[in-house]
Each structure stands twice: as structure tokens, then as C-alpha cells.
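S.K.: My structure is below; once you've seen it, I'll send some questions.
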Amino acid sequence: MSYTLTGRIQSRIVATLPALLLALALHRWWAIELVALMLAVGLVLDVVVYHRALPYQPAWVAVPLGALELAIVYPSMRYLGIMAPLRLALLLYAVAWLSAQVFAHAVFPRLQLEYAEAGGEPGRAGVLTAAAVAVTVVGGLGAAYAVRPPTIHLHGTVQGPLVIRHAETLVGGVVQGGIRIRANHVTLRNVTIVGGEYGVDIEHAQHVMLDHVRVLHFALDAVRALDAGVMIDNCSVTAPAGPFTTGILISYSMGRPMSMVSHCTVVGVREGISTHSSMVDVMDNHVVGTTVRGISLSEMSMDMASGNQVESARGIGIICMDHSLCDIKHNTITGAQVDGNSDPSRHGVAIEAYFYANATVAHNTVIASPGGVQAFDNSTIARN
Amino acid sequence: MRCAIAGSGVAALAAYATLRHGGVPAEEIAVFGTDDDPTAQWRGRAEAIRQRRMRSESDGHLAPASFPGLAVREAARRGSLRPLIQSVADRYHPTVEDFLAHASEVRSRSGWDRSFVAHRVERIRAVDGGFELDGEGPFAHVLVATGHPGLARMPGTVHAYEPHEYASRVAIVGAGMAAATEWLNALDAGAEVISVRRREPVRRPLNVPRPFFSKRGLSGYHALSNERRAAKLRELAAPSFPPGPAWDKPLETERFRVEPEPPDGCQVIAATGFLKGYRHDPLLADLVEEYELTTHGRWIVLDPDSTVPALTDDTRTLALSGVAAQWAFPAADTIAGAKYTAHAFLRRLCRTR
């Protein structure tokens, strides 16, 4: 197809319709924000790059262009702080890309006889639809902006524990004694939490985001999420106050939206990142020097662990246990250490499936971990 | 009757199917022609050069909407993704057989036979309420789709588009798609082949560069002065055939060579295409003479929607299709060109309903 610039823009906006409808059906602001971001990235590329570089665009080019746009949209999403769970975000992107292909190659040519010779301009009905889509996206963004939670900037050190019972965004500062989150749509950004039993304690809440949060000197868990949907990105967990500590614990959250833990550093705790009966993406984290397990995906969880680095874990690097289904890919486990001689399941196992768990493993790197990759007690490990 | 199509070839069928798709009843359309089979002439030429695959791609069919194209239909019929994958990579070329089968389907589905009138139109006259075709009418909207005005023959030779066999030494004059097809045919038949040509052929997938099939390339083309537009058309008319090993590999043999003149004592096949220009078409020549239509070189000057400006207004339309419409659409002698004119013709009908 040789698109005119108008044709590119109108076709792109109209083809966003299915993704927009899906976003509206999801009832989540992040979904509308993500659709707006995808649209904005696409339109900028249309105007600045594609129109000049592609006087004719074969259908196959949609594949590399889709990958290019994804490579721009994903970091932009993270940079802008759009709280999208990775799998749903990818699903929304896939729907948008696929619908663009279906519209361009089937729907438009079927409904608009002159679509190809008009350079991809979908005609009057197309213009009206494009306008409706654009208005909905802009309106959705406006609504999201209008109802956004208030932002509170903390200065210096605040004596806690702080209890948050309303949607809000807390930025900066140091909180002594922990933060308890009991409301939806709470964001902590660039906050340092010192001390307390739990650094951040989240219960019965969703759409909670912890962005660049540091937790230290906690007595039990640095971050504890119970019955919650939480996005944790770029956090730091260090210097626990005792030996029985967990870095990040997400439990009994199956009924909540998916959670995600990414780009966090967890050092010197008993369990680095632990899930129970939850759906969590554990991605690109650095877990060092745990005394029981590096990453634990357990108790009927449905989790993915990918791109994590687990170093010097005593006993077990990554474990999928107790009827859980786990996707364990592209992780690096270095120096898992033998923890006594009596229990082979703690014999420096890099990746382990335990007690009726099913793990799928692929492209992991295991270094200096004598236990290797093993399944115990009616569990299975499938290698892709 | 509101509209008439003068001519009954593939361009006429494309226009007819488009009108029917646009809601014009069969009773409102008269198709004048010499053969009720719209593919008869095209089929004869394809058979003569033993063409097996189309140069056009998936949307090179005569149905009004381009989706589903021939690749989708073939994929569904064969239960294979291969045609779709080829189409995505611009490598799909339907077989002549598939194209003709689909054309036959379009013919029967559109009701073509109900509108066909066996009569060759020799004269079109503007009258109150539209046009009369050899005294029939008046028709408010007329599309002239008379096709190529005849073969460009060379004395003492057989034309590629006429039935022929191959001698042991064959000189093929020309360097376009028909010539390239004939090189392969003659080599395949075991002949020694001499390609006689004055210039090297252009290698491109379709008749003209792809942007000229859409508004993107056409807007610039339509903005050209008459001189430059004619020059562009002459440039685009240079003989061409698609690139690719399917065309090149068979020529890598000692039995194939290029010479400037046909050697003595060999069979000469003229793959020289068609006569060019409206003057070779009696119907068009008469129209130009009678109404002093604006021309430039061998072309009748048309508006971008393929209409003849002097004979088209808010109440009536005279449009040209096929090769005669090149002034509006450089690839007018392709299926895409026939559809371009058909779409514009339907637009005008809808506007004046």
C-alpha cells in the first residue's frame, strides 16, 4: 500500500478502535493511557519517519514496525509511570497491532472500494470514526487526569507508621516505622522507609504502585501485600533488622489484578521475593545473599520469573512449589550454596520444582550451583 | 436505462460489477459488445503466450471490493497459508486459471448476461439527457471500455498474442512481459532464442511503480503539465517485466542471446504489444473529431476521474476506461486501472442519482 500521510493517520486512528474498546471494557485508567500512548507513538512515527521512508509499504513491513513501536512504547510506559501489568499491556498492544492489520487488509478494503487507490484514506465514515476515537482517547485521558489522586510531597523525616486510607500519591521523604496502605490507587514514589515490622504493608487494595521505594531495617517483611494488586518497580530492600525477614511478600491475591515486581534489588534476607496464591510477574530483579530461598513462587501461584539475577542463595535459587504453575525463563542463578547434607532439595539447587508444582524453564543460566535444575516430590520441570 | 458501457471485456466487467455493488440494478445498465464472455479476448491472448500466472497480485481480480483477494480465496480453497504468506511479501501471483474462474464467478453473480447487448458501438452522440450509442438511448452515463485498439503487427511475422508454435530458431521482437514470457516458452520448447530489442527492459514487479496505483503517486502525476505528463507516460510505457530468478535463470543458457536485428532464416514472433493512441480506435477517433476533444499526443485529455471534461457535467458522464484512460491513471490498462475508473464512474452515478 502506498499511504498518503492523511491515509496513514486516519487508518491508524480508526484501527485503534478495538484496543480502545478493550481498554474501556477493562475499566482501568492505565489501559486508556496505554492506548493513548500507543496512538501517540504511532502518529509521531507516521509523520516523522514512515511517511518519508516508506513511499510503498509491503504488508510484511508491519512486523518490524510493530516490534519497533513496541520497543518505544514499553520504556515510554515505564518512564511515564503508567501502571500497566506487563501481560495485559502486551495483550492490549497485540490487540492493537492485530486489529491494525485486519483493518488495513480486510475491513477497510471490504467497506471502502477505493481504500487502496485513495492511499489508505478510509472515506467519510472513516473520518467520523477517527474523530470519535480521537475524542474518546482525549476524553479518557482528560478524565484520568481530572480524577487523579492528590499528590503529597514529603520533606525530611516523618515519624510513622503512616496509614493511607485514600487514593493518593506520596512522593519523596523518609518515613520511620513503615507505611500501611489500605486504599486503592495509592502510589509511593521515591520514598525511603526505615524500620517497622513491615516496611510497606498493603492489605485489600489494588492499583498500588511502589516506584523507586527503598526499605531498610524492617523486622519482618520489607514489602507485604495481602489480597492486593501491586506494581513494584525499581525498589531497594537492604539491611534487614533480623534474620527472619522476607524482601517482598505477595500473598493470597489471586482475586486481584496481576502484580508485578521488577528491577528491584533485594539483599540479605531470608526469602528474597515470595508469592503465595497469587499471579505475579517477577522480572529483572537482583536478589543477593538469601538464607532460605532467592525467589519463591508458591501455594498454587501462577507466576512468571524472568530476567532475574539470583546470587549466592543458600539452599535454593528459584523455587516453584506447592501446586504452583511457573514460567521460569532467562534468569541467571549464580553460586547457590549447599545448606546442610541431609536434604537434597536444599543442596544448592539453582531452579527447583517442589511438591506437585509444574515449572517450565527455558534459557536460564546456572553457574556454580551444585544442585542444578531439579524436581522433587511429584513435581515436573518442562524444558522449552 | 441510465447507463451504458461500450465494450464487453474485462474492464467492462470490472465496471459492471462495481455498479451492481453500488446498487445500480441490472435493468439500468446496458453493456454493448461483440462477445458475451468478458474474458474471451483476454483469454485468447493469455493462451497464445501460454501465460500461466498473472503479473498482478492478490487484489488483481474483477470483484468490486478488493477483499477477499485471490490469495485469501486460494488459501481457503487449499487450506494452506502459503498464498497468504506470499501475498504479505508481495510474491503472490494468481494463476491465470484462478483469475478466469473468479472472473466467471463475478460474471454470473453480477447479472452481466441480463445487461449484455450484442452490438459493437460505432458512434456516440451527445443528446439531451445524455448520450446515444448508435441511436440507442439516451443514457445519462456512458463508460467507454473498448480496450486496446489492435495488435502492433510487424509484416511477415506472427504476433505473440496470436496462436503459434515455435520453430527450432526463434527471434522474439520486444522486451516487455509478453516477450519475456515468450523467451521462456520457446526455450522450454527446445528452441534457440534470439531476443531482438532496441533497449534493455525495465525490471519492476508491476506495470508501473507502486505509488502510481494510489493517490500518493497520482496527486503529483495529476499536477503535472500536459507536456510533462505525456513525457511521464512515455517513460512508464517502456517495456518491463518482473525481476526475479524465475525470469532470469532460464535465460542463463547458450540457447539464448540478444541481437539488434532478427537473423535470417528464423521464425520471428512480434511481442510488440498493441497499437497506441486514440486514433487507432474508431469510436474514440470519431468522438475526438466530432466534439473537438482536447488531446495531447496520442492521449485524450481526461479529468483525474477519467471523465471527458467537454462531455461531462452535473447531469451526464462520459468516461473512458482501459488503456484510453492513461491520462487519468498511468496503469489504466491493468485491472487496477479498470477498477479506478469504475470507482470514479460509480461515484458520479451516486452523485447524480
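Listed in order, the protein sequences are those of chains A and B.
The first sequence begins at 139 in the numbering used here and counts up by one.
The second sequence begins at 4 in the numbering used here and counts up by one.
Quick reminder that beta carbons are idealized off the backbone N, C-alpha and C, glycines included.
Note that this is a predicted model, so its numbers are computed, not measured.
(1) Please state whether DSSP places residue 323(B) in a helix, a strand or coil.
(2) Counting contacts by CB-CB distance shorter than 8 Å, is residue 217(B) in contact with chain A?
(3) Which runs of the alpha helix (DSSP H) at least 4 residues long sit entirely within the stretch 109-149 of chain B? Give them in chain order.
(4) List the residues that DSSP assigns as beta-bridge partners of residue 347(A).
(5) Taking only beta-carbon atoms, is residue 142(A) less than 8 Å away from chain B?
(6) In the DSSP output, which residue or residues are listed as bridge partners for residue 63(B)?
(7) Residues of chain B with CB closer than 7 Å to the CB of residue 198(A), please, in chain order.
(8) Kindly indicate which residue of 374(A), 507(A), 414(A) has the alpha-carbon position closest to the one of residue 391(A).
(9) Measuring only the C-alpha atoms, how far is residue 174(B) from residue 187(B)?
(10) Would residue 248(A) count as contacting chain B if we go by Cβ distances under 8 Å?
(11) Determine the closest residue to residue 341(A) out of 357(A), 471(A), 374(A), 387(A), with distance taken between C-alpha atoms.
(12) Whether or not the stretch 270-289 of chain B and the stretch 137-157 of chain B are in contact is what I'm after, with contact meaning three or more pairs of Cβ atoms, one per stretch, closer than 8 Å; do they touch?
(13) Three-state secondary structure (DSSP) at residue 459(A)?
(14) Please tell me whether residue 307(B) has its Cβ less than 8 Å away from any Cβ of chain A.
(15) Which residue comes first and which comes last in the beta strand (DSSP E) that contains residue 492(A)?
(16) If you drop the 5 nearest sequence neighbours on each side, which residues of the same chain put their C-beta closer than 6 Å to that of residue 97(B)?
(17) If you check the beta carbons only, do residue 440(A) and residue 420(A) fall under 8 Å apart?
(18) I'd like the ranges of any beta strand (DSSP E) spanning at least 3 consecutive residues and lying wholly in the stretch 243-288 of chain B.
(19) Check the DSSP bridge columns for residue 421(A) and list the partner residues they point to.
(20) Mind checking which residues open and close the alpha helix (DSSP H) that includes residue 148(A)?
(21) Can you give the beta carbon distance from residue 396(A) to residue 223(A), rounded, assuming they're within the 8 Å contact cut?
(22) Among 305(A), 491(A), 465(A), 422(A), which has the Cα closest to the Cα of residue 454(A)?
(23) Taking a cut of 9 Å between CB atoms, which residues from the stretch 256-270 of chain A lie near chain B?
(24) Are there 16 or more other CB atoms within 10 angstroms of the CB of residue 68(B), so buried, or fewer, so exposed?
(25) Below 7 Å, is the gap between the Cβ of residue 200(A) and the nearest heavy atom of the ligand NAP?
(26) Do you know how far the Cα of residue 385(A) is from the Cα of residue 334(A)?
(27) Quick one: which chain A residues come within Cβ less than 9 Å of residue 21(B)?
(28) Does DSSP put residue 250(A) in a helix, in a strand, or in coil?
(29) By DSSP's criteria, residue 215(B) is part of a beta bridge. Which residues make up the other side?
(30) Alpha helix (DSSP H) containing residue 475(A): first to last residue?
(31) Of all the CB atoms in chain B, is at least one closer than 8 Å to the CB of residue 188(A)?
(32) Let me check one thing: in DSSP terms, what residues is residue 523(A) bridge-paired to?
(33) Please confirm if residue 283(A) has its CB atom under 8 Å from at least one CB of chain B.
(34) Can you tell me which of the three DSSP states residue 364(A) falls into?
(35) Starting from residue 23(B), trace the alpha helix (DSSP H) both ways and give me its first and last residue.
(36) Report the rounded CA-to-CA distance for residue 1(B) versus residue 269(B), giving the unit in angstroms.
M.R.: Once the coordinates are examined:
(1) The sequence position of residue 323(B) within the second sequence is 320, counting from 1. Strand at residue 323(B).
(2) To locate residue 217(B), count along the second sequence from 1; it is residue 214. Chain A, which has a Cβ nearer than 8 Å to the Cβ of residue 217(B), makes this yes.
(3) 115-118
(4) Indexing the first sequence from 1 puts residue 347(A) at position 209. Answer by DSSP bridge pairing, in chain order: 325(A), 369(A).
(5) Working through the first sequence from its first residue, we reach residue 142(A) at position 4. So, interface residue.
(6) By 1-based counting over the second sequence, the position of residue 63(B) is 60. Per DSSP, residue 63(B) has no beta bridge partner at all.
(7) Working through the first sequence from its first residue, we reach residue 198(A) at position 60. Those are 91, 92, listed as they occur along chain B.
(8) Within the first sequence, the letter at position 253 stands for residue 391(A). Answer by Cα proximity: 414(A).
(9) Within the second sequence, residue 174(B) is the residue found at index 171, counting from 1. Within the second sequence, residue 187(B) is the residue found at index 184, counting from 1. Each residue's alpha carbon lies about 12 Å from the other.
(10) Locating residue 248(A) in the first sequence gives position 110, counting from the first residue. Taking Cβ atoms only, chain B reaches closer than 8 Å to residue 248(A), which makes this a yes.
(11) Residue mapping note: residue 341(A) aligns to position 203 of the first sequence, counting from 1. Closest option to residue 341(A), Cα to Cα, is 387(A).
(12) yes
(13) If you number the first sequence from 1, residue 459(A) lands on position 321. Strand.
(14) Against the second sequence, residue 307(B) aligns to sequence position 304. Chain A, which has no Cβ nearer than 8 Å to the Cβ of residue 307(B), makes this no.
(15) Your numbering for residue 492(A) matches position 354 in the first sequence. Per DSSP, residue 492(A) belongs to the beta strand (DSSP E) from 487-492.
(16) As a position in the second sequence, residue 97(B) is number 94, starting the count at 1. Excluding positions up to five away in sequence, the list reads 57, 73.
(17) Translated into the one-based positions of the first sequence, residue 440(A) becomes position 302. Translated into the one-based positions of the first sequence, residue 420(A) becomes position 282. Not closer than 8 Å, so no.
(18) 259-262, 270-273
(19) The residue given as residue 421(A) occupies position 283 in the first sequence. Paired residue(s): 400(A), 444(A).
(20) Translated into positions along the first sequence, residue 148(A) becomes position 10. Element bounds for residue 148(A): 143-153.
(21) For this step, residue 396(A) is matched to residue 258 along the first sequence. For this step, residue 223(A) is matched to residue 85 along the first sequence. Here residue 396(A) really is in contact with residue 223(A); their C-beta atoms are around 4 Å apart, less than 8 Å.
(22) One-based indexing of the first sequence puts residue 454(A) at position 316. Here the closest residue by C-alpha is 491(A).
(23) Those residues of the stretch 256-270 of chain A that come within reach of chain B (Cβ to Cβ, closer than 9 Å) are 256, 257, 258, 259.
(24) For the purposes of this step, residue 68(B) is taken as residue 65 along the second sequence, with counting starting at 1. By the 10 Å Cβ count, residue 68(B) comes out buried.
(25) Ligands displayed in this structure: none; no statement on the ligand NAP is therefore possible.
(26) Within the first sequence, numbered from 1, the residue matching residue 334(A) stands at position 196. Within the first sequence, numbered from 1, the residue matching residue 385(A) stands at position 247. So the alpha carbons of these two residues sit roughly 14 Å apart.
(27) In the second sequence, residue 21(B) corresponds to position 18, counting from 1. The answer, in chain order, is 251.
(28) Along the first sequence, read from residue 1 onward, the residue named residue 250(A) stands at position 112. In this structure, residue 250(A) counts as coil in the three-state DSSP scheme.
(29) Locating residue 215(B) in the second sequence gives position 212, where the first residue counts as 1. None, per the DSSP bridge assignment.
(30) In the first sequence, the residue the question calls residue 475(A) occupies position 337. From DSSP, residue 475(A) is part of no alpha helix (DSSP H); its letter is neither H nor E.
(31) On the first sequence, residue 188(A) is found 50 positions in, with the first residue counted as 1. No, because no Cβ of chain B sits closer than 8 Å to the Cβ of residue 188(A).
(32) Any question about residue 523(A) goes unanswered here, given that chain A covers just 139 to 522.
(33) Numbered from 1 along the first sequence, position 145 holds the residue referred to as residue 283(A). Taking Cβ atoms only, chain B never reaches closer than 8 Å to residue 283(A), which makes this a no.
(34) Counted from its first residue, the first sequence places residue 364(A) at position 226. Strand, per DSSP.
(35) By one-based count along the second sequence, residue 23(B) stands at place 20. Taken as a continuous stretch (DSSP letters only), the alpha helix (DSSP H) holding residue 23(B) covers 13-24.
(36) Coverage of chain B is limited to positions 4 through 356, which leaves residue 1(B) absent and any answer about it impossible.
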